[in-house]
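Asker: Numbering (this note's numbering), first residue to last: 16 to 66. Quick reminder that beta carbons are idealized off the backbone N, C-alpha and C, glycines included.
1. Enumerate in chain order the residues of its own chain whose CB-to-CB distance from residue 16 is below 8 Å, with the five nearest sequence positions on each side excluded.
2. Using only the alpha-carbon positions, how far apart do residue 27 and residue 44 sit?
3. I need the straight-line Cα distance from residue 62 to residue 36, nearest angstrom please.
4. Could you check whether residue 31 and residue 51 sit closer than 7 Å to each other, using their CB atoms as the reference points?
5. Where does the unbroken alpha helix (DSSP H) through residue 37 begin, and where does it stop?
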């Protein structure tokens, strides 16, 4: 799951540099990427605690 989320976040952030978006679209993409990072940090914390 973590690996897939990393790929999704990477692709979202890359699209910001490659494609042109309206300001609200850029903000939405950034918000989604931030939420993915929160989920990733929670998942990584779980892995650290379990080990």
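Answerer: Reading off the structure:
1. 58
2. 7 Å
3. 36 Å
4. At the C-beta level, residue 51 and residue 31 stay beyond 7 Å of one another.
5. First-last for residue 37: undefined, no H or E at that position.
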